[in-house]
Amino acid sequence: MGNLVASLAIAVALLMVVPGTSPRAEDVVPASRSELQLSFSPLVKRAAPAVVNVYVTRRVRSFSSPFEDSFFRQFFGEEPGLRNERMQNSLGSGVIVSSDGLIVTNNHVIKGGGEAEIRIVLTDKRELDAKIVLRDEKTDIAILKIEGTSETFPALEIADSDLLEVGDIVLAIGNPFGVGQTVTSGIVSGLARTHVGKSDSQYFIQTDAAINPGNSGGALIDMDGRLVGINSAIYSRSGGSLGIGFAIPSNLVKPFVVAAITGEKVKRPWLGAGLQPMTREITDALGLQRVEGAFVAAVYPNGPAAAAGLEPKDVIIGIDGHTIEDPRALGYRLTTMGVGKKATVRYIRGGVEQETTLEVTEAPGIEAAEQRAISGPHPLDGTRVGAVPKELAKELGREDLVGSVVIMAVETGSIAQGFGMQPGDVIVRVNSARIESVDELEKVLGNPRRIWRLDIRRGNRLFQLALPG
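6 is the number of the first residue of the sequence shown in the numbering used here; add one for each residue after it.
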């Protein structure tokens, strides 16, 4: 019997040793039940209470001004000027970043016309009101503040997103499709993605942690439970996650949080130069090897780039130790660096790499345009208008303003306000005359008309209006 037992033991041992699968020295067998139960649960328990649902309800007017009137509404029996209202709902996520209830989310979560009511739903199912403190369409960042309570809220610490590396594990927390708070895990798939959005400020972290509609504004956290990004966009052909999601780096969020706390505006940096992405043609013409960097196409007089000694045909390849792959990357670095700082810029001129010091100054903004008050018996009475210089418009990413006159302000109770004119409207034509300067505008408006025909561009829409004199 003893020999039989010994033989069986040897046979079992031989069966367990499969050729080519001998145990490695680094393989460790779980020694306890607790080691079999390792999970992200403790991390989620700490971070999840700071991630909220954002519900936005808007009362949207179908049309109430000439800008909202159309032939089709009249054809189907709706009278011009009639106020038709409807309720519009949207859902997103947000992240509490300070104990007094300051919340970061995406601007596109709260964006839209009409009066908005914003409700915040906490993880304990309580609903609280919130107001908009700050919003920025260019970076797609918005800051909200919980109202009506003085309680202390759980908040996420904002980490340094520059410390992230490809392959780091991250968790995405949000409310996809409105099913309730959901946590997904993945890794950082890529950094410095700049060809996702339309704005020069777009600079994303790419992750394969599942992000779906409703996750917008939610948290991307590291393994210390700190905020490294705000989930913002996905690449998808179906509307659902395909494993390619994008988050705004926390370092771009920080300036807006600070501005919301201090009450100051976010100061946009100004380079004072026209930039282009490097192409194979430009690279070959300059005798360079790699298609990367920001090509300096023009340097504007009296700007920071000119003061730093940069010249047309220079190629900016680095700033303060960070590699610059394209103009958007440079815009991101200047924004996160902040106005008032000095940066070391690496650039190539004539095939030779050089360095210079650039002082980061504030962009003058379209308010720098020469402005003039407009009055008289016409629809633009009570406006203040200005023509934005071509170079400034291009650097601000507002090519739509080049060669046009912009309404800078509208006086309360004025004729222009009554006709629905708004700051930011671009006056394209008046009575078929193309308007490219304030002088031209005043000349055309100086000829009284019974009916004024105006082409006004607002955002991406062109309105053709016929208004009484």
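All C-beta atoms, glycine included, are put in the ideal place defined by N, C-alpha and C.
Suppose you measure from the CA of Ala299 to the CA of Leu257; what does that come to, to the nearest Å? Indexing the sequence shown from 1 puts residue 299 at position 294. Indexing the sequence shown from 1 puts residue 257 at position 252. Those two C-alpha atoms are separated by around 20 angstroms.
By the three-class DSSP mapping on this structure, what secondary structure does Glu84 have? Translated into positions along the sequence shown, residue 84 becomes position 79. Legend: pLDDT at Glu84 = 45, less than 50; position of this residue unreliable, no value from coordinates given.
Roughly how many angstroms separate the alpha carbons of Gly7 and Val188, rounded to a whole number? In the sequence shown, counting from the first residue as 1, residue 7 sits at position 2. In the sequence shown, counting from the first residue as 1, residue 188 sits at position 183. Low local confidence applies: a pLDDT of 47 at Gly7 is under 50, so the model's placement there is unreliable, with the coordinate-based value given in what follows. Distance between the alpha carbons of Gly7 and Val188: 56 angstroms.
Simplified DSSP assignment, three categories, for Gly97: Within the sequence shown, residue 97 is the residue found at index 92, counting from 1. Strand.
Quickly, what does DSSP pair Ser103 with across the bridge? List them, please. Position 98 of the sequence shown, counted from the first residue, corresponds to residue 103. Ser103 pairs with Leu107.
Please go through the region 288-327 and give each complete beta strand (DSSP E) segment of 3 or more residues, from N-terminal end onward. 299-304, 320-324
Could you check where the alpha helix (DSSP H) with Val449 kicks off and where it finishes? Residue numbering aside, residue 449 sits at position 444 when the sequence shown is read from its first letter. Taken as a continuous stretch (DSSP letters only), the alpha helix (DSSP H) holding Val449 covers 443-450.
Check whether the Cβ atoms of Asn436 and Ile235 sit closer than 8 angstroms, and answer yes or no. Taking the first residue of the sequence shown as position 1, residue 436 is located at position 431. Taking the first residue of the sequence shown as position 1, residue 235 is located at position 230. No, they are not a contact pair.
In whole angstroms, what separates the C-alpha of Pro181 from that of Gly356? Counting from 1 along the sequence shown, the entry for residue 181 is found at position 176. Counting from 1 along the sequence shown, the entry for residue 356 is found at position 351. So the two alpha carbons sit approximately 50 angstroms from each other.
What residue range does the beta strand (DSSP E) around Thr362 cover? In the sequence shown, counting from the first residue as 1, residue 362 sits at position 357. Where Thr362 is concerned, the enclosing beta strand (DSSP E) stretches over 357-364.
Does Ala290 pass the burial test, meaning 16 or more other C-beta atoms within 10 Å, or should it be called exposed? Position 285 of the sequence shown, counted from the first residue, corresponds to residue 290. Classification of Ala290: exposed, given that the 10 Å Cβ count is below 16.
Do you know offhand how far Gly172's Cα is from Ile287's? Against the sequence shown, residue 172 aligns to sequence position 167. Against the sequence shown, residue 287 aligns to sequence position 282. Near 33 angstroms, if we compare the C-alpha coordinates of Ile287 and Gly172.
Cβ contact check for the region 445-460 and the region 375-388: 3 or more pairs under 8 angstroms: yes
Separation of Thr361 from His327, as counted between CA atoms: As a working note, residue 327 is residue 322 in the sequence shown. As a working note, residue 361 is residue 356 in the sequence shown. In a straight line, the C-alpha of His327 is about 15 angstroms away from that of Thr361.
In the structure shown, what three-state DSSP assignment does Phe158 receive? Translated into positions along the sequence shown, residue 158 becomes position 153. The answer is coil: DSSP assigns Phe158 none of H, G, I, E or B.
Sequence-distant residues of its chain with Cβ nearer than 6 angstroms to Arg462 (five each side left out): By 1-based counting over the sequence shown, the position of residue 462 is 457. Counting only Cβ-Cβ distances below 6 angstroms, and skipping sequence neighbours, we find Val431, Val433.
Could you please give the first and the last residue of the uninterrupted beta strand (DSSP E) stretch that includes Leu467? Position 462 of the sequence shown, counting from 1, holds the residue named residue 467. Its beta strand (DSSP E) spans residues 466-473.
Can you check DSSP and say which residues form a bridge with Ser190? Reading the sequence shown from its first residue, position 185 is the one you call residue 190. BP columns for Ser190 point to Leu176.
Any Cβ of chain D within less than 8 angstroms of the Cβ of Lys143? The chain inventory of the structure shown lacks chain D, comprising one protein chain alone.
Measure the C-alpha to C-alpha separation of Trp457 and Val415 and round it to an integer number of angstroms. Stepping through the sequence shown from its first residue, residue 457 is reached at position 452. Stepping through the sequence shown from its first residue, residue 415 is reached at position 410. If you take the alpha carbons of Trp457 and Val415, they lie about 18 angstroms apart.
Classify Thr144: buried if its beta carbon has 16 or more other beta carbons within 10 angstroms, exposed otherwise. Working through the sequence shown from its first residue, we reach residue 144 at position 139. Buried, because 16 or more other Cβ atoms sit within 10 Å of the Cβ of Thr144.
Can you tell me the Cα-Cα spacing of Leu133 and Ile101, whole angstroms? Walking along the sequence shown from the start, residue 133 turns up at place 128. Walking along the sequence shown from the start, residue 101 turns up at place 96. Cα-Cα distance, rounded: 13 angstroms.
Where Arg285 sits in the DSSP three-state scheme: The residue given as residue 285 occupies position 280 in the sequence shown. DSSP places Arg285 in helix when its eight states are reduced to three.
Exposed unless 16 or more other CB atoms sit within 10 angstroms - verdict on Glu364: By 1-based counting over the sequence shown, the position of residue 364 is 359. It counts as exposed.
For Gly153, does the count of other Cβ atoms within 10 angstroms reach 16, so buried, or fall short, so exposed? Here residue 153 is taken as the residue at index 148 of the sequence shown, counted from 1. The residue in question, Gly153, is exposed, as its Cβ has fewer than 16 Cβ neighbours within 10 Å.
For a minimum of 3 consecutive residues, which ranges assigned as the beta strand (DSSP E) are wholly contained in the region 113-146? 120-126, 132-141
Measure the CB-CB distance between Ile123 and Val61 and report whether it falls below 8 angstroms. Counting from one through the sequence shown, the residue named residue 123 turns up at place 118. Counting from one through the sequence shown, the residue named residue 61 turns up at place 56. A contact, by the Cβ cut-off of 8 angstroms.
Identify every residue that forms a DSSP beta bridge with Pro269. Residue mapping note: residue 269 aligns to position 264 of the sequence shown, counting from 1. The question names Pro, but residue 269 in the sequence shown is Glu. Bridge partners of Glu269: none, in fact.
Suppose contacts are defined by Cβ-Cβ distances below 8 angstroms. Is Ile216 in contact with Gly185 by that definition? Here residue 216 refers to the residue found at position 211 of the sequence shown. Here residue 185 refers to the residue found at position 180 of the sequence shown. Their beta carbons are not under 8 angstroms apart, which means Ile216 does not touch Gly185 by this criterion.
Should Leu43 go down as buried or exposed, given a rule of 16 or more other Cβ atoms within 10 Å for buried? Sequence index remark: in the sequence shown, residue 43 carries index 38 (1-based). Exposed is the call here.
Beta-bridge pairing of Asp460 - partner residues as DSSP gives them: The sequence position of residue 460 within the sequence shown is 455, counting from 1. Asp460 is bridged to Arg434, Gln469.
DSSP puts Gly170 in a beta bridge; with which residues? Sequence index remark: in the sequence shown, residue 170 carries index 165 (1-based). The question names Gly, but residue 170 is Glu in the sequence shown. According to DSSP, which records beta bridges pairwise, Glu170 is partnered with nothing at all.
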